[in-house]
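Student: The structure under discussion is supplied below as structure tokens; questions concerning it will follow.
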Amino acid sequence: MKNTLIKIQNFFLALAMVVRHPVKAPELMLARRNEEELAADIEAINRERIRTLYGQEQEPADPELKKKEYRKINESYEKRLIFHVGFGAGLFSELDSMMEHMLFCFENHIRFEIYADDANFSKAGGMGWEELFEPFCPINHDKLNHIANYRPTDYKSTMRHHRLWYKGYFLPKILKRRTGADYLTQDIWCMCINDDFKYHPVDFPLFGMKGTATSQFSKFGEIAICPKPDVRKEMDALISKLHMPEHFVSMQIRGGDKCLEYKELKDAASYVEKVEALGLSGQPLFIFTDDYTNVTKIRELRPEWELYTLTGEEERGYYNEAFNRQDWEFRRKNLIKLLAIVELCKKADYHIGPNQSCVDLYLRSVKGLERYIVL
Numbered sequence: 062m063k064n065t066l067i068k069i070q071n072f073f074l075a076l077a078m079v080v081r082h083p084v085k086a087p088e089l090m091l092a093r094r095n096e097e098e099l100a101a102d103i104e105a106i107n108r109e110r111i112r113t114l115y116g117q118e119q120e121p122a123d124p125e126l127k128k129k130e131y132r133k134i135n136e137s138y139e140k141r142l143i144f145h146v147g148f149g150a151g152l153f154s155e156l157d158s159m160m161e162h163m164l165f166c167f168e169n170h171i172r173f174e175i176y177a178d179d180a181n182f183s184k185a186g187g188m189g190w191e192e193l194f195e196p197f198c199p200i201n202h203d204k205l206n207h208i209a210n211y212r213p214t215d216y217k218s219t220m221r222h223h224r225l226w227y228k229g230y231f232l233p234k235i236l237k238r239r240t241g242a243d244y245l246t247q248d249i250w251c252m253c254i255n256d257d258f259k260y261h262p263v264d265f266p267l268f269g270m271k272g273t274a275t276s277q278f279s280k281f282g283e284i285a286i287c288p289k290p291d292v293r294k295e296m297d298a299l300i301s302k303l304h305m306p307e308h309f310v311s312m313q314i315r316g317g318d319k320c321l322e323y324k325e326l327k328d329a330a331s332y333v334e335k336v337e338a339l340g341l342s343g344q345p346l347f348i349f350t351d352d353y354t355n356v357t358k359i360r361e362l363r364p365e366w367e368l369y370t371l372t373g374e375e376e377r378g379y380y381n382e383a384f385n386r387q388d389w390e391f392r393r394k395n396l397i398k399l400l401a402i403v404e405l406c407k408k409a410d411y412h413i414g415p416n417q418s419c420v421d422l423y424l425r426s427v428k429g430l431e432r433y434i435v436l
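Residue numbers (our numbering): 62 to 436.
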């Protein structure tokens, strides 16, 4: 009897896939099933009415004013996206993607909201986004987001085809009805990660944006990446103990799981050569690395150089999957340290990076081509 019921269930699932299968595009385009609908919605919005809110204004000097202006404009839009942040990638992979989607929504007049109750930068059952950061936009708390609101590139790789209809269409539809959202992460994801979006021109004086999306998205960091007071206090304590000079150069040397992504990672000796080629060897150096042996190597090669780092002597490479399995106290401590490190790299006169990480992408956007040097 049980086998008969399973066969009947599978028959109707297969039939439903044929009749209402969500994947209308080729294999890699799971999330684009709503692209035509989205494009039509975008065209239907009165761009001129909204543009008057920010088109002619100048960039406010006070970050708090920027936040208020962003909220005012963002919450004036009728169409809504709930973006699932903290899906499981590294912190700045998550934050970069979030800010790129913020920019997409801002351009196309879609209200940007987030779901972060299950974020990997929060403890289980914790405060989600507000575990580390101040809120900056509406936050949705519907638990169905956990399985029905997803990054399609991650989601499809672990999803069996006979479940595509259920988790790829049915549950997202229920979530949209429950929350009133028009779009979820998977509906817009592929449009935000392609080069057409990343390299198209943007010009929003209100937020000091003029360039391409990939060079300007970090301007939303002033609005979105605002550590809570207790987190900021811990960041400041880490930074102050280094007694950094006013002028210095920063560099990022990656190890760990990046060796699985790239055939060759730049070693410490390459950075020494670059510093000398740029005529910066007399400058104090802040070393951002996940492997302390890189600090040791530079000290061996140039013992006279003035070096600073927040990397612990025991650190031997960052592995994201292993990091996500650690207890919350360990993760919190290291996430706050990462935020402090990035803060220092932002303050550096120049930053030298391998252009091989999401933190690099963020820092390159922050510092611009004049102050970010690709190794």
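Note that beta-carbon positions come from the ideal geometry of N, C-alpha and C, so glycine has one too. All values reported here derive from a predicted model rather than from experimental measurement.
1. Hey, D178 and H207: beta-carbon distance below 9 Å or not?
2. Across which residues does DSSP place D203 in a beta bridge pair?
3. In three-state terms, what does DSSP make of E195?
4. Roughly how many whole angstroms lie between the Cα atoms of W389 and I397?
5. When the distance is taken between beta carbons, is D243 closer than 9 Å to Y423?
6. Could you spell out where the beta strand (DSSP E) holding E174 opens and where it closes?
7. Where in the segment 337-379 do unbroken runs of the alpha helix (DSSP H), each at least 4 residues long, occur, reported from the N-terminal end onward?
8. Below 8 Å, how does it come out for the segment 167-187 and the segment 135-142: are there three or more Cβ pairs, yes or no?
9. Would you mind stating whether Y411 and R432 have Cβ atoms separated by less than 9 Å?
10. Measure the alpha-carbon distance for R360 versus W366 and round it to whole angstroms.
11. So, using beta-carbon positions, are M163 and A285 closer together than 9 Å?
12. For V435, does the count of other Cβ atoms within 10 angstroms reach 16, so buried, or fall short, so exposed?
13. Whole angstroms are fine: how far does the CA of W250 sit from the CA of K234?
14. Going by DSSP, which residues form a beta bridge with K184?
15. Exposed or buried, G340, counting other C-beta atoms within 10 Å across all chains shown (16 or more means buried)?
16. Run the CB neighbour count on S279, radius 10 Å, all protein chains shown included, and call it buried at 16 or more, exposed below.
17. When DSSP builds the beta bridges, which residues end up paired with Y230?
18. Can you tell me which of the three DSSP states Q313 falls into?
19. When the Cα atoms are used, what is the spatial distance from Y353 to D123?
20. Near R377, what residues of its chain come up, given a Cβ to Cβ distance below 6 Å and the 5 sequence neighbours on each side ignored?
21. Ordered along the chain, which non-local residues of its own chain (more than five positions away) have a Cβ less than 6 Å from that of E325?
22. May I ask you to report which of helix, strand or coil DSSP gives V263?
23. Roughly how many whole angstroms lie between the Cα atoms of E307 and Q277?
24. When the Cα atoms are used, what is the spatial distance from L430 to L232?
25. Using the three-state DSSP reduction, which class does P290 fall into: helix, strand or coil?
26. I348 and S311: beta carbons closer than 9 Å?
27. Measuring alpha carbon to alpha carbon, tell me which residue in Q344, L346 and N355 is nearest A329.
Tutor: Reading it off the structure:
1. yes
2. Partner(s): none; D203 has no beta bridge.
3. coil
4. 12 Å
5. no
6. R172 to Y176
7. 354-362
8. yes
9. yes
10. 7 Å
11. yes
12. exposed
13. Approximately 17 Å between the Cα atoms of the pair.
14. K184 pairs with nothing; no bridge assigned.
15. exposed
16. buried
17. None; Y230 has no bridge partner.
18. strand
19. Going by the C-alpha atoms only, they are around 38 Å apart.
20. D352
21. none
22. strand
23. E307 and Q277: Cα-Cα distance of roughly 26 Å.
24. Taking the straight line from one Cα to the other gives about 44 Å.
25. helix
26. yes
27. N355
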